[in-house]
Amino acid sequence: MGWFTTITGYLAPMFLIMSPVLSYSDQALSMHRNKSSAGFSLDIPLIMLVASLLKIFYWPGARFDTALLIQALLMVVMQVILLKVALDHRLPPSSKGGEAATPFANVNDGPVFGAQRPYNFWQWRSPKPYWQFLLYFFIALTVCELVLTPVRPIYETYSMLIGYVGLSVEATLPIPQIFANARSRSCKGFRLSVLASWLVGDAMKMFWFFTSTTEIPWAFKLCGMFQACCDSFLGVQYFMYGDGEDGAIKEHPMSQYPQYPNGVYKPPLPEHVSGRVTPTGRRTSSPYGKELQ
Numbered sequence: 001m002g003w004f005t006t007i008t009g010y011l012a013p014m015f016l017i018m019s020p021v022l023s024y025s026d027q028a029l030s031m032h033r034n035k036s037s038a039g040f041s042l043d044i045p046l047i048m049l050v051a052s053l054l055k056i057f058y059w060p061g062a063r064f065d066t067a068l069l070i071q072a073l074l075m076v077v078m079q080v081i082l083l084k085v086a087l088d089h090r091l092p093p094s095s096k097g098g099e100a101a102t103p104f105a106n107v108n109d110g111p112v113f114g115a116q117r118p119y120n121f122w123q124w125r126s127p128k129p130y131w132q133f134l135l136y137f138f139i140a141l142t143v144c145e146l147v148l149t150p151v152r153p154i155y156e157t158y159s160m161l162i163g164y165v166g167l168s169v170e171a172t173l174p175i176p177q178i179f180a181n182a183r184s185r186s187c188k189g190f191r192l193s194v195l196a197s198w199l200v201g202d203a204m205k206m207f208w209f210f211t212s213t214t215e216i217p218w219a220f221k222l223c224g225m226f227q228a229c230c231d232s233f234l235g236v237q238y239f240m241y242g243d244g245e246d247g248a249i250k251e252h253p254m255s256q257y258p259q260y261p262n263g264v265y266k267p268p269l270p271e272h273v274s275g276r277v278t279p280t281g282r283r284t285s286s287p288y289g290k291e292l293q
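The sequence shown begins at 1 in the UniProt record's numbering and counts up by one.
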């Protein structure tokens with residue numbers, strides 16, 4: 001067992017470092033080839049960018065394993081690319097009826113838990129607010145780091161706080177995709193390669209976190225276990241739903257309306273146009289003539 005632990009101690013950090021590229025490069029290429037990001041939750045880049053930036057600023061105070069720091073740096077680069085591709089290939093407003101007539105009304109932008117987000121956070125139509133938010137968030141973390149570092153007691157508490165917040169945010173990574181799949185009852189657009197890399201990564205992380213001889217804070221272990229449970233449930237969804245039914249645009253079925261000869265639907269006319277019913281049951285003539293019949 002000792003030799004297996006030693007080998008895993010070398011392979012797991014290497015896999016973790018490369019996991020951002022292995023997990024998300026296929027997703028980005030798929031969206032670029034298909035010219036569509038339908039089925040991919042934009043909350044995934046949000047969660048990973050916020051979590052990775054918090055972990056990067058957590059490192060000076062915690063000095064955890066360097067492999068985890070390198071992974072966070074690569075994750076920021078990969079998620080910026082993924083967000084750019086997803087925004088470039090969002091579905092435009094549809095000219096057809098139904099739900100798709102609402103601008104960007106797809107699983108990317110649907111509200112989680114059915115609630116509207118304040119100020120439409122991370123559901124903006126223009127790409128500019130996304131980049132502005134990330135820039136302001138980075139500047140705020142940098143300012144806090146510079147201001148609080150000289151005050152050691154406060155900085156230690158602050159460092160631990162952003163570490164736990166960052167890892168807790170990362171642990172929620174599968175949740176937006178889980179709700180997106182549940183709403184559409186389909187996993188179409190979410191790559192199996194991403195899910196597979198998440199599950200393999202969870203297995204390697206759990207083994208490495210609990211057998212590593214280097215410093216791994218308990219925050220990583222607790223949040224890693226929660227994320228592994230969510231990823232496993234996402235795997236169950238993929239098995240249940242698959243790609244779902246074809247067709248992303250939901251039309252209003254014609255069966256809701258009365259059927260007329262030649263398939264033409266004529267809406268009922270108001271009484272002042274179609275005439276009115278007399279007490280004897282006869283209808284008066286329309287002042288608009290027979291052309292309305």
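C-beta: ideal position from N, C-alpha, C; glycine also.
- Message: Suppose you measure from the CA of residue 319 to the CA of Gln79; what does that come to, to the nearest Å?
- Response: No information on residue 319 is available, as it lies outside the stretch 1 to 293 that the chain covers here.
- Nearest-angstrom Cα separation, counted from Ser184 out to Gln256: Numbered from 1 along the sequence shown, position 256 holds the residue referred to as residue 256. Numbered from 1 along the sequence shown, position 184 holds the residue referred to as residue 184. With a pLDDT of 43 at Gln256, under the threshold of 50, the predicted position of this residue should be treated as unreliable, though the coordinate-derived value follows. Roughly 22 Å separates the two Cα atoms.
- Message: Taking contact to mean 3 or more Cβ pairs, one atom from each stretch, closer than 8 Å, check whether the region 66 to 75 and the region 187 to 195 are in contact.
- Response: no
- Which whole runs of the alpha helix (DSSP H) in the region 64 to 89 are 4 residues long or more, in chain order? 66 to 88
- Should Asp88 go down as buried or exposed, given a rule of 16 or more other Cβ atoms within 10 Å for buried? As a first step, residue 88 must be located in the sequence shown, where it is residue number 88. That one is exposed.
- By Cβ distance below 6 Å, which residues in the same chain neighbour Thr211 in space, the five residues on each side in sequence not counted? Mapped onto the sequence shown, residue 211 falls at position 211. Contacts found: Thr5.
- Task: Go ahead and label Arg152 buried or exposed: buried means 16 or more other beta carbons lie within 10 angstroms of its beta carbon, across all protein chains shown.
- Result: For the purposes of this step, residue 152 is taken as the residue at position 152 of the sequence shown. With fewer than 16 Cβ atoms within 10 Å of its Cβ, Arg152 is classed as exposed.
- Is DSSP giving Glu156 helix, strand or coil here? The residue given as residue 156 occupies position 156 in the sequence shown. Three-state result, Glu156: helix.
- Item | Cβ neighbours of Leu173 in the same chain (closer than 7 Å, five flanking residues each side left out) | On the sequence shown, position 173 is the one that residue 173 refers to. Closer than 7 Å at the Cβ level, and outside the excluded window around Leu173, lie Ile44, Ile47, Met48, Gln227.
- Item | Environment of Met58 [buried if 16+ CB atoms lie within 10 Å] | One-based indexing of the sequence shown puts residue 58 at position 58. Residue identity differs from the one stated: residue 58 is Tyr in this sequence, not Met. So Tyr58 ends up on the buried side.
- Query: Is the region 204 to 223 in contact with the region 153 to 170, if contact means three or more CB pairs nearer than 8 Å?
  - Reply: yes
- Buried or exposed by the 16-neighbour rule on C-beta atoms within 10 Å, applied to Cys229: As a position in the sequence shown, residue 229 is number 229, starting the count at 1. With fewer than 16 other Cβ atoms within 10 Å, it is exposed.
- Is any beta-carbon of chain D found at less than 8 Å from that of Cys230? Considering every chain present, this structure includes no chain D. It has just one protein chain.
- For Pro118 and Lys290, the rounded distance between their alpha carbons: The residue given as residue 290 occupies position 290 in the sequence shown. The residue given as residue 118 occupies position 118 in the sequence shown. With a pLDDT of 49 at Lys290, under the threshold of 50, the modelled position of that residue is not reliable, and the figure given next carries that caveat. Rounded to whole angstroms, Lys290 to Pro118 spans 54 Å at the Cα level.
- Item | Member of Ala38, Trp124, Ser232, Gly242 whose CA lies at the smallest distance from the CA of Asn197 | Residue numbering aside, residue 197 sits at position 197 when the sequence shown is read from its first letter. Inspection of the sequence shows that residue 197 is occupied by Ser rather than by Asn. Ranking the options by Cα distance to Ser197, first place goes to Ser232.
- Item | Test item: CB-CB of Ser36 and Gln177 under 8 Å | Taking the first residue of the sequence shown as 1, we reach residue 36 at position 36. Taking the first residue of the sequence shown as 1, we reach residue 177 at position 177. No, the pair does not count as a contact, with Cβ atoms beyond the cut-off.
- What number of angstroms, rounded off, separates the C-alpha of Leu83 from the C-alpha of Leu167? Taking the sequence shown and counting its residues from 1, one reaches residue 83 at position 83. Taking the sequence shown and counting its residues from 1, one reaches residue 167 at position 167. Those two C-alpha atoms are separated by around 20 Å.
- Alpha carbon of Phe137 to alpha carbon of Glu156, nearest angstrom: As a first step, residue 137 is located in the sequence shown; it is residue number 137 there, counting from the start. As a first step, residue 156 is located in the sequence shown; it is residue number 156 there, counting from the start. Near 20 Å, if we compare the C-alpha coordinates of Glu156 and Phe137.
- Task: Please classify Thr214: does DSSP put it in a helix, a strand, or coil?
- Result: Here the question's residue 214 lines up with position 214 in the sequence shown. Correct three-state label for Thr214: coil.
- Who are the Cβ neighbours of Phe207 in its own chain at under 8 Å, not counting the five residues just before and after it? Here residue 207 refers to the residue found at position 207 when the sequence shown is read from its first residue. Hits under 8 Å: Thr8, Ala12.
- Query: Should Asp243 be labelled buried (16 or more other beta-carbon atoms within 10 Å of its own) or exposed?
  - Reply: One-based indexing of the sequence shown puts residue 243 at position 243. Its Cβ having fewer than 16 others within 10 Å, Asp243 is exposed.
- Item | Minimum C-alpha distance to Thr213 - residue among Ser30, Val76, Asp65 | Here the question's residue 213 lines up with position 213 in the sequence shown. The shortest C-alpha separation from Thr213 is found at Asp65.
- Beta-carbon proximity list for Ser19, same chain, < 6 Å, skipping 5 on both sides: Here residue 19 refers to the residue found at position 19 when the sequence shown is read from its first residue. Gly201, listed in sequence order.
- Item | As assigned by DSSP and simplified to three states, the class of Cys187 | In the sequence shown, counting from the first residue as 1, residue 187 sits at position 187. In this structure, Cys187 counts as coil in the three-state DSSP scheme.
- Alpha carbon to alpha carbon, how far is Tyr10 from Ser25? Locating residue 10 in the sequence shown gives position 10, where the first residue counts as 1. Locating residue 25 in the sequence shown gives position 25, where the first residue counts as 1. Distance between the alpha carbons of Tyr10 and Ser25 is about 23 Å.
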